[in-house]
Amino acid sequence: MADWVKQLDPNLTVRFGCLAVYASRSRGTTVNATVVLTGVVGRIGTISFTQEGNGTTTVEGNISGVTPGDHALVIHTYGNVNNVWITTGAPFKPAGTKGVIDNITVDVDGTATFKIYEKIPLAGPDSVIGRGLVLHSNPKRSSPSGPNPGPGVAWGVIGLDE
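Residue numbers for the sequence shown follow full-length UniProt numbering, so the first one is 1 and each next one is one higher.
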């Protein structure tokens, strides 16, 4: 690990390939992360993640400028958004999680405010820090043979926050 990273915090680990930094932490520590979602029309919203210890993660967000209806919010493997959402890879499903966070219901005015509680690791080897987050055009599948969530309408990289 580079010396400058160790000087920032000796508990930080660099995950190469997606240029992310994620924290190793002890029980009782709160980890926060943020994503700024951007689509072809520009910035559509911000989503925050908060996890206390190894507990459930609170996912809160506000989005606007999106087609009304249900949209799947999915964590993807890579934090590479150089080619819109396509380069974020497949959905990321660490052990004990489902990859798809949930469906977000967008109102007729194109806005949504939500708070979701899910088991999403923000630290350790299965951390989602540095991975892509994609808001898809359709809702998540209700069964393995259900409809695909479709293309991404907005995307961003989950980044460590204060």
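All C-beta atoms in this analysis are idealised placements derived from N, C-alpha and C, irrespective of residue type, glycine included. Keep in mind it's a predicted model, so treat the numbers as computed, not measured.
| Check | Outcome |
| --- | --- |
| Whether or not the segment 151 to 158 and the segment 50 to 62 are in contact is what I'm after, with contact meaning three or more pairs of Cβ atoms, one per stretch, closer than 8 angstroms; do they touch? | no |
| Given T30, which residues of its chain have a CB within under 6 angstroms of its CB, disregarding the five upstream and five downstream residues? | E52 |
| Using only CA atoms, which one of V40, I47, K119 lies nearest to I158? | I47 |
| Can you list, in chain order, the residues of its chain with a C-beta nearer than 8 angstroms to that of R43? Leave out the 5 residues immediately preceding and following it. | V36, L37 |
| Could you please give me the residues that DSSP links to S48 through a beta bridge? | T34, E60 |
| Would you mind reading off the limits of the beta strand (DSSP E) that contains E118? | 112 to 118 |
| Which word fits V108, buried or exposed, when buried means at least 16 other C-beta atoms lie within 10 angstroms of its C-beta? | exposed |
| If you count every other CB in all the chains shown that lies within 10 Å of the CB of V81, and 16 or more means buried, which is it? | buried |
| Would you tell me roughly how many angstroms separate the C-alpha atoms of D161 and N148, rounded to the nearest one? | 31 angstroms |
| Around the Cβ of G110, are there at least 16 other Cβ atoms within 10 angstroms (buried) or fewer (exposed)? | exposed |
| Excluding the 5 residues flanking D126 on each side, which residues of the same chain have their C-beta closer than 6 angstroms to its C-beta? | P94 |
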